[in-house]
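Student: Questions regarding the structure given below will be posed in turn.
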Amino acid sequence: MAKILVVEDDRDLNKAYCIILRHEGHEVITAFDGKEALAKVDEFEPDLILLDLLMPIMGGLEFLQSWSTADRKNVKVLIFTNMENSPEISEAYKLGASRCIIKSWTAPHNLARVVTETLKSGNGSPKAKRVKTPA
Amino acid sequence: MTDHSKLKPGQQKNIRESREADALFNSMGDGAITTDEFGRITRINKPALKMLGFSRTELIGQPFLKNVVAETLDGKVMGVIDRPITQAFLTGKPVLGKMLYRTKRGDLLPVDINVSPLMFDNKPVGAIEVFRDISLELEIDRMKSEFISLASHQLRTPLSAIKTYTHMLSDGYMGELNELQKSSLETIINASNRMNELISTLLNITRIESGTISVNLKTVDIDELLKEILPELTIMADGKAIRLNVKVHANGSIKIKTDSLIVKEVITNLISNAIKYTPDNGQVSLDIKPRTNDLLIEVKDTGWGIPENARDKVFTKFFRGSNIVKKETSGTGLGLYLVKGLLDALGGKIWFKSDEKKGTIFYISLPR
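Those protein sequences? They're chains P and E, same order as listed.
Numbering of the first sequence is given in my numbering, commencing with residue 25 and proceeding in unit increments.
Numbering of the second sequence is given in my numbering, commencing with residue 86 and proceeding in unit increments.
What follows is the structure, given as structure tokens:
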């Protein structure tokens, strides 16, 4: 099972995603904005980040811009947004997102399935590099 | 001052008429320019000079097309042959349009124009162009789009929570439920899906109309895409005892480079439309056929069909068939308009065959 960092500012949705993903056996921690995610990502070393785009303090795109590509290793980024067909999604792909899904169209069983598929897919980020972390 | 008292009555009449025409031309609120058969400016009124920033002496007698540069609304400089005034002169017919004029200061001014040829003995001898500044209208349009986009997004956040938690209850994440509880949750899910559809339609139409729709081409596995959209469509079909048949005509999986969100939206819209406009116990089928240069998607129903006299309006905004408005009251008439707009953005095509007694088949061609 994988380590997943859920970054979502809506507390109800954040809690729901945790329940669904923990139910699937994943180890999950949460952040409520990009800044909090940046503070947690290196220590937690997630396999996948479930990332909202529109958040206060620091949004998803800003998080991807600030998160050093050298630190990404093989971490997959799954964008979970309600801004369908928006320029922000194109931007997220450019910044290394693996896949994008629309929250209000995605039932819990689909979320669990998409997470599994994304974890199984090849290198998530085109910019991702395998870097040995210091002991 | 000229003494007109010695002129003959006919000449006096001509001068009076000419002055009246001048007064009329100059008192118009819109900009107006006339040209002769060589495209030289013969008259230009004050509003036109004010909008373009030139003085009368700078433009009178000068070639209009050379001195006043025009661009399309997406910023491409228009060639002489494409300019409405040339078209009106060549065809002898009025031409309407929206474009940008470059002012003397170098600014771009959005204008709505109306050009008519000036005819003499059935031959065009020049043209008159009337135009008005539409900067404010475009700004209001932009603000309206921004508002709809923001409002739609804000509406969706609580809706996502309603839908996610309802699904979680229904899927047993919070313990087992009895049949009555399950069917009640299904009603909530269906209602939230309908609201989600409406918000999605509004959001996408705003994006299409404001030219901000974003297309992300990635390799998409059609089987995977169908897995994501079919469960909810099956529930919708079951509600009307409609059989939903899905057939992918291929050995192995079909992978195409496309935008999965747009394709999902298009197929979902067409199938839910087919279910909505098919009587209970009917059939809806989805057939997917890979071809050399495209992917052909057919959505066929045994529904009420589209009346023959309305077939050219099917993809227009707010279209609803006269035969279904009383049978099915929940439609907005935006679905097919949206589907067409999304497919245009993707470089795809849509067309249909319909028979009021048998039903309708929509065909979609997606580039591979």
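For glycine and all other residues, C-beta sits at the position ideal for the given N, C-alpha and C.
In this text the structure is predicted, and so the values were computed from the model without any measurement.
#1: So E/Ser370 is in the alpha helix (DSSP H); what residue range does that whole segment cover?
#2: Determine, using beta carbons only, whether P/Phe104 and P/Lys118 come nearer to each other than 8 Å.
#3: Are the C-beta atoms of E/Asp323 and some chain P residue less than 8 Å apart?
#4: Which ranges does the beta strand (DSSP E) cover as unbroken runs of at least 3 residues, wholly within the stretch 122-209 of chain E, from first to last along the chain?
#5: Entirely within the stretch 300-344 of chain E and at least 3 residues each: give me those beta strand (DSSP E) ranges in chain order.
#6: Is the beta carbon of P/Val101 less than 8 Å from the beta carbon of P/Ala61?
#7: Could one say the Cβ of E/Leu262 lies closer than 8 Å to chain P's Cβ atoms, at least one of them?
#8: Taking E/Asp256 as the query, report the chain P residues whose CB atoms sit under 7 Å from its CB, ordered along the chain.
#9: Leaving out five residues before and five after P/Met79 in sequence, what residues of the same chain have Cβ atoms less than 8 Å from its Cβ?
#10: Taking 8 Å as the limit between beta carbons, can you name the residues of its chain near P/Lys64, skipping five residues before and five after?
#11: Indicate whether at least one CB of chain E lies closer than 8 Å to the CB of P/Glu69.
#12: Under DSSP, the alpha helix (DSSP H) around E/Val424 begins and ends at which residues?
#13: Which residue wins for smallest C-alpha separation from E/Ala335, given the options E/Asp306, E/Ile274, E/Gly388, E/Pro169?
#14: Which residue comes first and which comes last in the alpha helix (DSSP H) that contains P/Val138?
#15: Could you tell me which residues DSSP puts in a beta bridge with E/Pro94?
#16: Mind listing the chain P neighbours of E/Met228? Cutoff is C-beta to C-beta under 7 Å, in chain order.
#17: Applying the 10 Å Cβ sphere with the 16-neighbour rule, what's the burial state of P/Ile190?
#18: I need the DSSP call for E/Val399, collapsed to helix, strand or coil.
#19: Straight-line CA distance for E/Lys385 to E/Thr343?
#20: I want to know whether the stretch 241-261 of chain E touches the stretch 374-385 of chain E - three or more CB-CB distances under 8 Å.
#21: Determine, for E/Arg248, whether the minimum Cβ-Cβ distance to residues of chain P falls below 8 Å.
#22: With a CB to CB cut of under 8 Å and the five nearest residues on each side skipped, what residues in its chain are close to E/Lys248?
#23: Mind listing the chain P neighbours of E/Ile298? Cutoff is C-beta to C-beta under 7 Å, in chain order.
#24: Count the CB pairs spanning the stretch 287-297 of chain E and the stretch 230-246 of chain E that are closer than 8 Å, and state whether there are at least three.
#25: Please classify P/Tyr41: does DSSP put it in a helix, a strand, or coil?
#26: Kindly list the residues whose CB is nearer than 6 Å to the CB of E/Thr188, restricted to its own chain and excluding five residues on each side of it in sequence; keep chain order.
Tutor: On the basis of the data shown:
#1: That residue, E/Ser370, is in no alpha helix (DSSP H); its beta strand (DSSP E) goes 368-375.
#2: Not in contact: P/Phe104 and P/Lys118 (Cβ atoms no closer than 8 Å).
#3: Residue contact check for E/Asp323 against chain P: no CB pair falls below 8 Å.
#4: The stretch 122-209 of chain E contains these whole beta strand (DSSP E) runs: 126-129, 180-187, 193-205.
#5: Listed in chain order, they are 303-306, 328-333, 340-343.
#6: No, they are not a contact pair.
#7: Look at E/Leu262: its C-beta is not under 8 Å from any C-beta on chain P.
#8: Going along chain P in sequence order, the residues near E/Asp256 (Cβ under 7 Å) are Pro132, His133.
#9: Cβ neighbours of P/Met79 beyond the five flanking positions: Val31, Glu32, Asp33, Phe56, Asp57, Gly58.
#10: So the list reads Leu29, Ile53, Ala55, once near-sequence residues are dropped.
#11: So no, P/Glu69 is outside the interface.
#12: Where E/Val424 is concerned, the enclosing alpha helix (DSSP H) stretches over 420-431.
#13: Selection E/Asp306, E/Ile274, E/Gly388, E/Pro169 evaluated against E/Ala335 yields E/Asp306 as nearest (Cα-Cα).
#14: It spans 132-144 - the alpha helix (DSSP H) in which P/Val138 sits, taken as one unbroken run.
#15: Answer by DSSP bridge pairing: none, since E/Pro94 is not bridged.
#16: By Cβ distance, chain P contributes nothing, its closest Cβ being about 18 Å from E/Met228, past 7 Å.
#17: With chain P covering 25 to 159 only, the question about residue 190 of chain P has no answer from this structure.
#18: Note: E/Val399 maps to coil in three-state DSSP.
#19: One C-alpha to the other measures close to 23 Å.
#20: At 8 Å Cβ cutoff, the stretches do not touch.
#21: Position check: residue 248 of chain E holds Lys in this sequence, whereas Arg was assumed. Cβ-Cβ to chain P under 8 Å: yes for E/Lys248.
#22: So the list reads Ile274, Ser277, Asn278, Asn281, once near-sequence residues are dropped.
#23: Against E/Ile298, the close residues of chain P are Asn109, in the order they occur along the chain (beta-carbon pairs closer than 7 Å).
#24: Flag = yes, the stretch 287-297 of chain E and the stretch 230-246 of chain E touch.
#25: If DSSP states are grouped into helix, strand and coil, P/Tyr41 belongs with the helices.
#26: Excluding residues within five positions, the ones whose Cβ falls inside 6 Å are Leu137, Gly138, Leu194.
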